[in-house]
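>
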Amino acid sequence: MADFAVQPLREIASELESSKLEKVWILADRTDFESPYVYYCPVPDKGDEQRSLGLKVLFARAATIAAAIVGTSTLRVVCEQEDTLTSLLALFAEHPALAENLAQFGPLHITRENDTDKIGQLLQLPFGTRSVPAPISHHLAAEQQVFVGVDYGRSDIKVAVLDIAGQLVGKYVTRWWMTSESGEVTYVDPQVLTCHKMHISNLAEAAMAALAEVPNCDTKYVCGLGLSAAGCVKNGKLCGIPPAMDGVNHEAAQQDLEMLEKRVLSSIHEQLEVDKDCVTALVNDGEASALYGADGLAQGRVGLFLSCGTGLAGGIVWNGQCSEGVLELGKLIMGLRNSESLVAAYGSCSAVFVQEVSSIDLRWAMKVVPQEVITGKAEQRAALVSMQKNDVDESSRGVFESLGKWLARFVLELNHYLPAPVDYVEAGGKVTDGPTGRVMLDACQAELWAQGATAEVCKAADSEFGQAIAVANLVRPSEL
């Protein structure tokens, strides 16, 4: 298995336990949380030769909590040594791309907390029920009502249309595109689209293409629109600029993107009938995976629902409720790099992780193929589809077994931040399709068991339109 010269944080932390330790707590604040998220991360005491390594682990934990788990730019540190905070601030200063990424939550603010009474219960993330006020349109016949779910990432746009009973009545998938003045359509990486209104137009037109597949579509009214967004979502709104739209003028786009679902609905309304009571919702694509897969999860179980495409997204469900953290799981720091390696760094945080700290991202599939590095998202997807059409050979088996083992390590690292460990993993998305996907998930299961974990690993029932169906259901009346 390719190890990418990365040692998982949990292994390093275990080795440091033999040192004399300084007690350190990280407190992550969000104004909508009743209490701060608290993580205990002791480091070797001053004068210990392992202290420098321990401080790097502290930085990796703090960065992961801020960017991947909670979604905040405000951290407090309870520590015994003044230079612990100074060293942590210096490590953050070495990585300006991290501060840039966290700026979507506000200016980076890391301070020392001297009041130990402020330390609450460890690892407490709020969980809540996802629901949208979805009034039944009594002025419309049931057969006239449809509910649209749009799932987008950098690779493509998927749309599902449900009737009022929740039956799939239309669907559509397309890559992003641009149209020339002559009407010629060119499929592109969405980052080359320089105006955010082009993205909104793509999303609306894809939705209308799906609606056109619905029988008697000219008699239907859109009564709900849900969006599954590949990007950071906080309190139902996009934070900052999602990766697919990184090529636009950020300042000009910000206001429209903060109400993206409304803008897409307005574009649809220009050509199709939209009910006056139409409701909208926007969730992170990982949370959409969780919403889709969580219905059958037994009470008390902790489920991790992953979308494994050319990136990685996921959501966590516990007792039927979704985590309120941002859960940008592709930004979870796996470990410390001890030499140059091929582990992919994540998006806008690449400068943070490329030198020393690596993040998990399933773009590896395109980066560990011998003598081949593919960086374009559409090209990565095409190469993956091509690989999946072939029989599993020694080379592809090695790639996907390696991915599966690293996926297992990811689950084990994630457990360190959760109030209860994951005991059910459900994965969907393009990487999980075909025989190679089975190889990956089997390897993940075997590695978890080998590491003493008991989590069950399964493939999602619908890996292509599941997220779109989930957000369409989110805006569909639950009681008829």
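Under this note's numbering, residues 1195 to 1674 are what the sequence shown spells out, in order.
For glycine and all other residues, C-beta sits at the position ideal for the given N, C-alpha and C.
Just so you know, these numbers come straight off a predicted model, no measurement behind them.
Per DSSP, which residues does SER1422 bridge with? Please list them.
Numbered from 1 along the sequence shown, position 228 holds the residue referred to as residue 1422. Per DSSP, ASP1345, VAL1477.
> In three-state DSSP terms, what is CYS1433?
Position 239 of the sequence shown, counted from the start, is the residue given in the question as residue 1433. In the three-state DSSP reduction, CYS1433 falls in the coil class, being neither helix nor strand.
> Using a Cβ-Cβ cut-off of 8 Å (strictly less than) and excluding sequence neighbours within five positions of ILE1663, which residues of its own chain qualify?
Stepping through the sequence shown from its first residue, residue 1663 is reached at position 469. Only GLY1343, ALA1354, LEU1356, LEU1362, TYR1486, ASP1656 meet the Cβ criterion.
> Identify every run of the alpha helix (DSSP H) within the region 1249-1317, keeping only runs that are complete inside it and at least 4 residues long; order them along the chain.
1276-1287, 1290-1296
> Mark SER1596 as exposed unless 16 or more other C-beta atoms lie within 10 angstroms of its C-beta, in which case mark it buried.
To locate residue 1596, count along the sequence shown from 1; it is residue 402. That one is buried.
> Do ALA1424 and ARG1348 have their C-beta atoms closer together than 9 Å?
Translated into positions along the sequence shown, residue 1424 becomes position 230. Translated into positions along the sequence shown, residue 1348 becomes position 154. The criterion of a C-beta distance shorter than 9 Å is satisfied by ALA1424 and ARG1348.
> So TYR1233 and LEU1316 are in contact, right, with Cβ under 8 Å, and what is the actual spacing, rounded?
Taking the sequence shown and counting its residues from 1, one reaches residue 1233 at position 39. Taking the sequence shown and counting its residues from 1, one reaches residue 1316 at position 122. Contact holds; Cβ gap of about 7 Å.
> According to the Cβ coordinates, are ALA1297 and GLY1494 closer than 9 Å?
Here the question's residue 1297 lines up with position 103 in the sequence shown. Here the question's residue 1494 lines up with position 300 in the sequence shown. Taking the C-beta atoms as reference points, GLY1494 is found no nearer than 9 Å to ALA1297.
> Span of the alpha helix (DSSP H) holding ILE1663?
Residue mapping note: residue 1663 aligns to position 469 of the sequence shown, counting from 1. Start and end: 1660-1668.
> Between which two residues does the beta strand (DSSP E) holding MET1372 run?
For this step, residue 1372 is matched to residue 178 along the sequence shown. Counting along the chain, the beta strand (DSSP E) containing MET1372 begins and ends at 1371-1373.
> Can you give me the start and stop residues for the beta strand (DSSP E) that ASP1357 sits inside?
If you number the sequence shown from 1, residue 1357 lands on position 163. Annotation: the continuous beta strand (DSSP E) that includes ASP1357 extends over 1351-1357.
> Taking a contact to mean a Cβ-Cβ separation below 9 Å, would you say GLY1314 touches PRO1230 in this structure?
Translated into the one-based positions of the sequence shown, residue 1314 becomes position 120. Translated into the one-based positions of the sequence shown, residue 1230 becomes position 36. A contact, by the Cβ cut-off of 9 Å.
> Taking just the CA atoms, how far does GLN1201 sit from PHE1547?
Translated into positions along the sequence shown, residue 1547 becomes position 353. Translated into positions along the sequence shown, residue 1201 becomes position 7. Because PHE1547 sits at a pLDDT of 34, beneath the cut-off of 50, its placement in the model cannot be relied upon, and the following sentence gives the value as read from the coordinates. Going by the C-alpha atoms only, they are around 14 Å apart.
> On the CB-based measure, 16 or more other CB atoms within 10 Å of its CB, does GLY1660 come out buried or exposed?
What you label residue 1660 is simply residue 466 of the sequence shown in a count that begins at 1. Looking at its Cβ environment, which holds 16 or more other Cβ atoms inside 10 Å, GLY1660 is buried.
> Could you check which residue in LYS1624, ALA1602, SER1213, GLN1244 has the C-alpha nearest to that of ASP1350?
Taking the sequence shown and counting its residues from 1, one reaches residue 1350 at position 156. Distance check between ASP1350 and each of LYS1624, ALA1602, SER1213, GLN1244 places LYS1624 closest, using alpha-carbon atoms only.
> Determine the burial state of PRO1290: buried for a count of at least 16 other Cβ atoms within 10 Å of its Cβ, exposed for fewer.
Here residue 1290 refers to the residue found at position 96 when the sequence shown is read from its first residue. By the 10 Å Cβ count, PRO1290 comes out exposed.
> Less than 9 Å separating the beta-carbons of GLU1650 and ASP1617?
Against the sequence shown, residue 1650 aligns to sequence position 456. Against the sequence shown, residue 1617 aligns to sequence position 423. Yes, the Cβ-Cβ distance between GLU1650 and ASP1617 is below 9 Å.
> Within the continuous beta strand (DSSP E) that includes ARG1324, where are the two ends?
As a working note, residue 1324 is residue 130 in the sequence shown. Membership of ARG1324 in any beta strand (DSSP E) is not indicated, and neither H nor E is assigned to it by DSSP.
> Does the count of Cβ pairs from the region 1369-1380 and the region 1415-1430 closer than 8 Å reach three?
Here the region 1369-1380 makes no contact with the region 1415-1430; the two share fewer than three CB pairs at distances below 8 Å.
> Please report the straight-line C-alpha distance between LEU1459 and VAL1633, rounded to a whole angstrom.
Within the sequence shown, the letter at position 265 stands for residue 1459. Within the sequence shown, the letter at position 439 stands for residue 1633. So the two alpha carbons sit approximately 40 Å from each other.
> Quick check on the burial criterion: 16 or more other C-beta atoms within 10 angstroms. Buried or exposed for THR1648?
The residue labelled residue 1648 in the question sits at position 454 within the sequence shown. It is exposed - the Cβ of THR1648 has fewer than 16 other Cβ atoms within 10 Å.
> For a test of the three-state rule: what should DSSP assign to TYR1366, helix, strand or coil?
Stepping through the sequence shown from its first residue, residue 1366 is reached at position 172. In the structure shown, TYR1366 sits in a strand (DSSP, three-state: E or B).
> In the DSSP assignment, find the unbroken beta strand (DSSP E) run with GLU1528 in it and report its ends.
Reading the sequence shown from its first residue, position 334 is the one you call residue 1528. In the sequence as displayed, the identity of residue 1528 is Met instead of Glu. Per DSSP, the continuous beta strand (DSSP E) segment holding MET1528 begins and ends at 1527-1531.
> Give me the residue from LEU1530, ALA1260, ALA1492, GLY1524 with the minimum Cα distance to LEU1500.
In the sequence shown, residue 1500 corresponds to position 306, counting from 1. Ranked by Cα distance from LEU1500, the options LEU1530, ALA1260, ALA1492, GLY1524 are led by GLY1524.
> Which residue's Cα is closest to the Cα of ILE1220: GLU1211, PRO1236, LYS1214?
Along the sequence shown, one-based indexing puts residue 1220 at 26. It is PRO1236.
> DSSP beta-bridge partners for GLU1620?
Mapped onto the sequence shown, residue 1620 falls at position 426. For GLU1620, which the question treats as bridged, DSSP gives the partners PHE1499, CYS1652.
> Round the Cβ separation of ALA1614 and VAL1496 to the nearest angstrom and send it over; I've been treating them as touching at under 8 Å.
In the sequence shown, counting from the first residue as 1, residue 1614 sits at position 420. In the sequence shown, counting from the first residue as 1, residue 1496 sits at position 302. In this structure, ALA1614 and VAL1496 form a Cβ contact; the two beta carbons are roughly 5 Å apart against a cut-off of 8 Å.
> DSSP three-state call for CYS1411: helix, strand or coil?
For the purposes of this step, residue 1411 is identified with residue 217 of the sequence shown, where counting begins at 1. Correct three-state label for CYS1411: helix.
> Beta-carbon within less than 6 Å of GLN1385's beta-carbon, same chain only, minus the 5 sequence neighbours each way: which residues are those?
Here residue 1385 is taken as the residue at index 191 of the sequence shown, counted from 1. So the list reads ASP1440, GLY1441, once near-sequence residues are dropped.
> Between the alpha carbons of PRO1238 and LYS1365, how many angstroms are there, rounded?
By 1-based counting over the sequence shown, the position of residue 1238 is 44. By 1-based counting over the sequence shown, the position of residue 1365 is 171. Distance between the alpha carbons of PRO1238 and LYS1365: 55 Å.
> For the region 1443-1463 against the region 1506-1514, are there 3 or more C-beta pairs whose distance is under 8 Å?
Segments in contact, no.
> Straight-line CA distance for VAL1563 to TRP1600?
By 1-based counting over the sequence shown, the position of residue 1563 is 369. By 1-based counting over the sequence shown, the position of residue 1600 is 406. Its pLDDT being 45, under 50, VAL1563 is placed unreliably in this model, and the coordinates cannot settle the point.
> Just how far apart, CA to CA, sit ASP1643 and GLY1514?
Walking along the sequence shown from the start, residue 1643 turns up at place 449. Walking along the sequence shown from the start, residue 1514 turns up at place 320. Residue identity check: residue 1643 is Trp in the sequence provided, not Asp. Spanning the two alpha carbons is a distance of roughly 25 Å.
> For GLY1631, count the other beta carbons within 10 Å of its own beta carbon; 16 or more makes it buried, fewer makes it exposed. Which is it?
Within the sequence shown, the letter at position 437 stands for residue 1631. Buried is the call here.
> Near ALA1482, which residues of its chain fall below 6 Å by C-beta distance, leaving aside the five closest residues on each side in sequence?
Position 288 of the sequence shown, counting from 1, holds the residue named residue 1482. So the list reads SER1422, GLN1661, ALA1664, VAL1665, once near-sequence residues are dropped.
> What does the alpha-carbon distance come out to for the pair VAL1477 and GLY1430?
Position 283 of the sequence shown, counted from the start, is the residue given in the question as residue 1477. Position 236 of the sequence shown, counted from the start, is the residue given in the question as residue 1430. Taking the straight line joining both Cα atoms gives about 6 Å.
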